Amino acid sequence: MNQALRSTEILKRFTLITGKGGVGKSTLAAVLALVSAKRGHKTLVCELNTHERVSRLLGHEPAGSSIKKLEDNLWSVNINPSEAMQEYGLMKLKFRAFYRLVFENPLVGALVRFIPGINDLLMLGKAFNHEREVDQNGQPVWDRIIIDAPATGHSLTFFTLPKVIMNAVPSGNMHRESHDMWSLLADPARCGIHLVSLPEELPIQETMELFSALTEDIQLPVSTVFLNQVPAPAIPRHLSDDFDQWVDAPSDEVIKPLWDAGKLRQQHVNDSNRFLKKLERLDCPVICLPMQYGIDFGRREIDALAQTIDEAITTRD
Amino acid sequence: MIDPLIKQLESASLIVTAGCGGVGKTTVAAALALRAAGLGRRVAVLTIDPAKRLAQALGLTELNHELKRVPTDEKASGELWAMMLDTKAAGDNMVLRFAQDRKVARGILKNRYYGYFSTSLAGTLEYMAVEQVRVLMDEHDFDLVVLDTPPAAHALDFFDAPDRLVDGLMKIPLNAIDGTNKKSISSRLASQGRQIVLRGLNRLTGGPFLDDLAEFLGQFRSILGALQDAGEQVRALLRADGTSFFLVTAPSAPRIEDAIAFFGELERRQLPVGGVIVNRVHQEILFDTNNAINGDLLASAWEGAALKPKRESDYHQLLTRLTLTLSEHNQRAQQEAHICETLALRIQQPQFIAPRLNSGLTSQADLLELANEIQLYVSGTSP
C-alpha cells in the first residue's frame, strides 16, 4: 500500500520524469498524463525526439512533432529540435525573412548549430514555452505539462544545461531564457522532478546516485521516486513465514515446479522490500507501481497503474 | 556457454559491447572479460561510467582511471584488469596531445566555454576511449580489450561523434574564426554590411556570446588536422580484424525494436558484429498441466519442513496462489522466448541468451556464473 500523497505533489504544473534506461519512464509519463487528464487538468505530454512510446502506450497513433489531441483533456507532442530551433528563431525575430537572413548566414548557421547541448536546450525550451503559453484571455493554455526526460547520465547534462548556458552567456536573450528555465526547474511549487527505478541492484544504486547528484550537486529538488514493477507476493502474508521455512526442495515432481516458482517470486518480493527500504531513506516520498503480469503491456495495464496512483492521491486530497 | 562465443573470447583482440541503456551492457562486458581471463587470456575491461556495485562485484573496492588488477581465481591462467575512462581528463588529454603547441593548448584549456563544454563536447570521450584501447593493446600488451560503450540513445554517438566533431568544425568558414584573425564575428559582420544579421543575432543570443564561442572554436579548430588523423585511426581500429561488436539487449518488445534499429546502424557503418546477447531472459519452469494436484499432495510434500501451515484450507489457498505464480512466470518466459525468436528472424547473427540469475550479481562468482550460463540460441527452440 502506497503512502498517501497530495495531487499537487505528484502533478505539478511542469513535471519531468527521469531515470536509468529501461526502467519505465515513458510508462510513468503515460500513466501520470492519464491521471492528470482524468482529474480534469488540460494536460500536454511531451516526448523529446524519441520513438514515441507514450502515445502508443495509451493506445493511440504516434502524435508527431505537432501537438495532437489524444483524448479528453490530453494532448501529446514529440518535440523535434530543428523545428524547435525554427520556432524559437521566429519567435525572437518575428519575421520569416529576417529569420532566414540570420540563420542562412553561413557563419551564424554553423555556429548556432555547434553550440554544445543546443538540441536539448531547444527541446527543454520549447516545453518551457508551453508552460508560459497563455490564451487571448491571459489564461494558461496548459494546466499540466509532463515531460519524458532523457535517461540518466545524459539527463544530468540535460538538467544542468540551463545553468551552464546561464553562466556561459553573461547577458542577452539566451541568458534570460536560461535563467527563467533554471528558475522553473528549481521551483518546487511549479516543477516536479520524478525519478523512476526498478527493484534491482543496479537501477537502485543509480537512482540513489542520481538523487544525490540532483539534490546536492546540481541543487534541484526531487519530488517523488517511483519504484516500478514491484512484484506481487506469491504467498499470503499469514503463511509466508511457513513457506520461508520450507527450505529443502520437495522431491515430488508435481509439486517441485510450484515450489520453484513460489521461491523465485518470494525472493523477488524480499529483494524488492529491501530495495524499497533503501529508497525510503531518501528525503522524498516513494510510490510503488505493481508489476503487471500478463502477455502484453498496453492501455489496460496503463489504466491499472493510473488507478494505483489515483488511489494514493484520492485518500489524501 | 558453447563454442561460438568461446571461440570469439579466445581469438578476438577487441570486443565492444553496444546497446541501449538499462540492458546490463556493463555487466555483460565484465562477465565476458572474466570468462576470457578464465580461458587463459590477458584481458582488460574498459568502462566509461560503471556503477560502484560493478566494481564491488569484480572484487575491487573502487574502479577509477588507473588500470587495476582484478583478483581472480588462482587456478585461472589468464589475468583480468579493469579501468574506468576518466571523462574529465579525456578532453584535456586530447587538447594537450593534438594542439600544435602549448600556447594554443593553454588558450583552449583556459577558455571559459571549454570548461563548460569539455565533457559534453561530442567526440572527446570517444577519441580517448579508443586511444586508451590502443594504449592497452600496444603498450600494455593485452590479448583482449573489452570496451563498454556509454548507454542510452547516445550509444550511436559513440561511433559518429568523432566524425561529427570534425564535420562541424569544417563547416565553420575558416576565415571567420581563423585564430590569427583578430576581428570578432560582430565586427566582421558589420564590416560586410550585415548589420541586420548582427541585429538578429543580438536578439537571439545576446551579442558577445557568439563572438566568444567563435573564438573558442577557432582555437579548437587549430587541432582539426590532428583530430582527423585520430578519427581515421578510430575508424580503422573499430573495423580491424579481431574486433567484434556484441549488441546487448533485453527481452522486451520495445528493447528488441531498439536493438534491431541499432543493428541496422552498426551494419550501415560496416562495423563487425560478433553476435547479439539477449540479457536477463526468464527460463521456463517445466510443468505438466495434466497433472492432478490438490491440497493433500502439497501438504504431504511439505512434510518434514520446520514450519507448516495448520489448516487444510491454507493448503488449498496456497495451491491456488502457487499455480497462479507459476503460470505468470511461464507466461513471461514464453513471451520472452517468442521475442527471442522474432529477433533471430530479424537479425541474421549468432544470438546468445543470458538467463536472468536470481543473485543480484554482487560477487565475482555471480559474474562468472552469468558468463558460463550464456547459451547460443537455436531458432525454433525455447531458450
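For the protein sequence lines, the chains are G and V, in the order given.
Anchor point for the first sequence: position 23 equals 43 in the working numbering, and the numbering is continuous, going up by one each time.
Anchor point for the second sequence: position 257 equals 260 in the working numbering, and the numbering is continuous, going up by one each time.
Glycine residues also receive a C-beta, built at the ideal position from the N, C-alpha and C atoms.
These numbers were taken from a predicted model, which means no experiment stands behind them.
*In DSSP terms, what residue 9 of chain G is bridged to*: Residue 9 of chain G lies beyond the stretch modelled for chain G, which goes from 21 to 337, so this question has no answer here.
*Does residue 323 of chain V get closer than 7 angstroms to chain G when you measure Cβ to Cβ?*
Walking along the second sequence from the start, residue 323 of chain V turns up at place 320. No, because no Cβ of chain G sits closer than 7 angstroms to the Cβ of residue 323 of chain V.
*Indicate the three-state DSSP secondary structure (helix, strand or coil) for residue 194 of chain G in the structure shown.*
Counting from one through the first sequence, the residue named residue 194 of chain G turns up at place 174. Residue state, collapsed to three classes: helix.
*Between residue 345 of chain V and the rest of its own chain, which residues show a CB-CB distance below 7 angstroms, the 5 nearest in sequence each way excluded?*
Taking the first residue of the second sequence as position 1, residue 345 of chain V is located at position 342. Hits under 7 angstroms: 259.
*Which value, in whole angstroms, describes the spacing of the CA atoms of residue 315 of chain G and residue 51 of chain G?*
Walking along the first sequence from the start, residue 315 of chain G turns up at place 295. Walking along the first sequence from the start, residue 51 of chain G turns up at place 31. Roughly 19 angstroms between the two C-alpha positions.
*Where does residue 257 of chain V fall in DSSP's three states?*
One-based indexing of the second sequence puts residue 257 of chain V at position 254. Residue 257 of chain V falls in the helix class under three-state DSSP.
_Cα-Cα separation, residue 353 of chain V to residue 211 of chain G_ = Looking up residue 353 of chain V in the second sequence gives position 350. Looking up residue 211 of chain G in the first sequence gives position 191. Rounded to whole angstroms, residue 353 of chain V to residue 211 of chain G spans 47 angstroms at the Cα level.
*Helix or strand or just coil, what does DSSP make of residue 283 of chain V?*
Within the second sequence, the letter at position 280 stands for residue 283 of chain V. In the structure shown, residue 283 of chain V sits in a strand (DSSP, three-state: E or B).
_Proximal chain G residues relative to residue 331 of chain V, where beta-carbon distance stays under 7 angstroms_ = Residue mapping note: residue 331 of chain V aligns to position 328 of the second sequence, counting from 1. Under the 7 angstroms cutoff, chain G gives 313.
*Separation of residue 68 of chain G from residue 170 of chain G, as counted between CA atoms*: Here residue 170 of chain G corresponds to residue number 150 of the first sequence, with the count starting at 1. Here residue 68 of chain G corresponds to residue number 48 of the first sequence, with the count starting at 1. Approximately 8 angstroms between the Cα atoms of the pair.
*Within chain V, partners of residue 277 of chain G - CB distance below 7 angstroms*: Residue 277 of chain G sits at position 257 when you count from the first residue of the first sequence. 288, 289, 290 and 329, listed in chain order.
*So does residue 118 of chain G have its beta carbon nearer than 6 angstroms to some heavy atom of the ligand MN?*
As presented, the structure is devoid of all ligands, the ligand MN included, so that no description of it is given.
*Neighbouring residues, chain G, relative to residue 10 of chain V (Cβ below 7 angstroms)*: Residue numbering aside, residue 10 of chain V sits at position 7 when the second sequence is read from its first letter. Within chain G, no residue comes near residue 10 of chain V; the closest Cβ sits about 29 angstroms away, beyond 7 angstroms.
_Runs of beta strand (DSSP E) wholly within the region 197–285 of chain G (minimum 3 residues, chain order)_ = 211–217 and 244–250
_N- and C-terminal bounds of the beta strand (DSSP E) containing residue 151 of chain V_ = Reading the second sequence from its first residue, position 148 is the one you call residue 151 of chain V. It spans 147–151 - the beta strand (DSSP E) in which residue 151 of chain V sits, taken as one unbroken run.
*Would you decide whether residue 83 of chain G is buried or exposed? Buried here means 16 or more other CB atoms lie within 10 Å of its CB.*
The residue given as residue 83 of chain G occupies position 63 in the first sequence. Buried is the call here.
*Cut-off 8 angstroms between Cβ atoms - residues of its own chain near residue 199 of chain G, not counting five sequence neighbours on either side*: Residue numbering aside, residue 199 of chain G sits at position 179 when the first sequence is read from its first letter. Excluding sequence neighbours, residue 199 of chain G sits near 182 and 186.
_Nearest neighbour of residue 279 of chain G, chosen from V:328, V:133 and V:226 [CA to CA]_ = Position 259 of the first sequence, counted from the start, is the residue given in the question as residue 279 of chain G. The residue with the shortest Cα to Cα distance from residue 279 of chain G is V:328.
*Would you check if the region 305–316 of chain V and the region 347–364 of chain V touch, i.e. whether three or more CB-CB distances between them fall below 8 angstroms?*
no
*So, does the CB of residue 112 of chain G fall closer than 7 angstroms to a CB anywhere in chain V?*
Residue 112 of chain G sits at position 92 when you count from the first residue of the first sequence. Closer than 7 angstroms to some Cβ of chain V, the Cβ of residue 112 of chain G qualifies, so yes.
*How many Å lie between residue 299 of chain G and residue 94 of chain V at the Cα?*
On the first sequence, residue 299 of chain G is found 279 positions in, with the first residue counted as 1. On the second sequence, residue 94 of chain V is found 91 positions in, with the first residue counted as 1. So the alpha carbons of these two residues sit roughly 35 angstroms apart.
*Would residue 206 of chain V count as contacting chain C if we go by Cβ distances under 7 angstroms?*
Of the protein chains in the structure, G and V, none is chain C.
*asked:* Using the Cβ count rule (16 or more neighbours within 10 Å means buried), how would you classify residue 223 of chain V?
replied: Your numbering for residue 223 of chain V matches position 220 in the second sequence. Residue 223 of chain V comes out buried.
*Interface partners of residue 23 of chain V on chain G, CB under 8 angstroms*: On the second sequence, position 20 is the one that residue 23 of chain V refers to. Those are 41 and 42, listed as they occur along chain G.
*Is the shortest distance between the beta-carbon of residue 234 of chain V and the beta-carbons of chain G less than 7 angstroms?*
The residue given as residue 234 of chain V occupies position 231 in the second sequence. Not one chain G Cβ lies under 7 angstroms of residue 234 of chain V.
*Would you list the residues sitting across from residue 249 of chain V in a DSSP beta bridge?*
If you number the second sequence from 1, residue 249 of chain V lands on position 246. In DSSP, residue 249 of chain V forms a bridge with V:20 and V:278.
_Alpha-carbon to alpha-carbon, residue 203 of chain V and residue 118 of chain G_ = The residue given as residue 118 of chain G occupies position 98 in the first sequence. The residue given as residue 203 of chain V occupies position 200 in the second sequence. Roughly 7 angstroms between the two C-alpha positions.
*Which chain V residues sit within Cβ distance under 8 angstroms of residue 109 of chain G?*
One-based indexing of the first sequence puts residue 109 of chain G at position 89. Chain V residues near residue 109 of chain G: 207.
_residue 34 of chain G versus G:71, G:160 and G:116, residue with shortest Cα-Cα distance_ = Locating residue 34 of chain G in the first sequence gives position 14, counting from the first residue. Selected option, being the one with the closest Cα: G:160.
*Sequence-distant residues of its chain with Cβ nearer than 8 angstroms to residue 136 of chain V (five each side left out)*: In the second sequence, counting from the first residue as 1, residue 136 of chain V sits at position 133. For residue 136 of chain V, where only same-chain residues beyond five positions count, the Cβ hits under 8 angstroms are 17, 49, 148, 150 and 240.
*Is residue 180 of chain V helix, strand or coil by DSSP?*
By one-based count along the second sequence, residue 180 of chain V stands at place 177. With a pLDDT of only 49 at residue 180 of chain V, under 50, the local geometry of the prediction cannot be trusted, and no value is derived from it.
*Determine which residues share a DSSP beta bridge with residue 50 of chain V and list them.*
Locating residue 50 of chain V in the second sequence gives position 47, counting from the first residue. For residue 50 of chain V, which the question treats as bridged, DSSP gives the partners V:87.
*By how many angstroms is the C-alpha of residue 33 of chain V removed from the C-alpha of residue 45 of chain V?*
To locate residue 45 of chain V, count along the second sequence from 1; it is residue 42. To locate residue 33 of chain V, count along the second sequence from 1; it is residue 30. Near 14 angstroms, if we compare the C-alpha coordinates of residue 33 of chain V and residue 45 of chain V.
_Once DSSP output is grouped into helix, strand and coil, what is the label at residue 39 of chain G?_
Reading the first sequence from its first residue, position 19 is the one you call residue 39 of chain G. Strand at residue 39 of chain G.
*Would you mind telling me which residues of chain G sit closer than 8 angstroms to residue 115 of chain V, beta carbon to beta carbon, in chain order?*
Translated into positions along the second sequence, residue 115 of chain V becomes position 112. Residues of chain G passing the Cβ test: 188.
*asked:* Need the endpoints of the beta strand (DSSP E) that residue 67 of chain G sits in, please.
replied: Reading the first sequence from its first residue, position 47 is the one you call residue 67 of chain G. Element bounds for residue 67 of chain G: 63–68.
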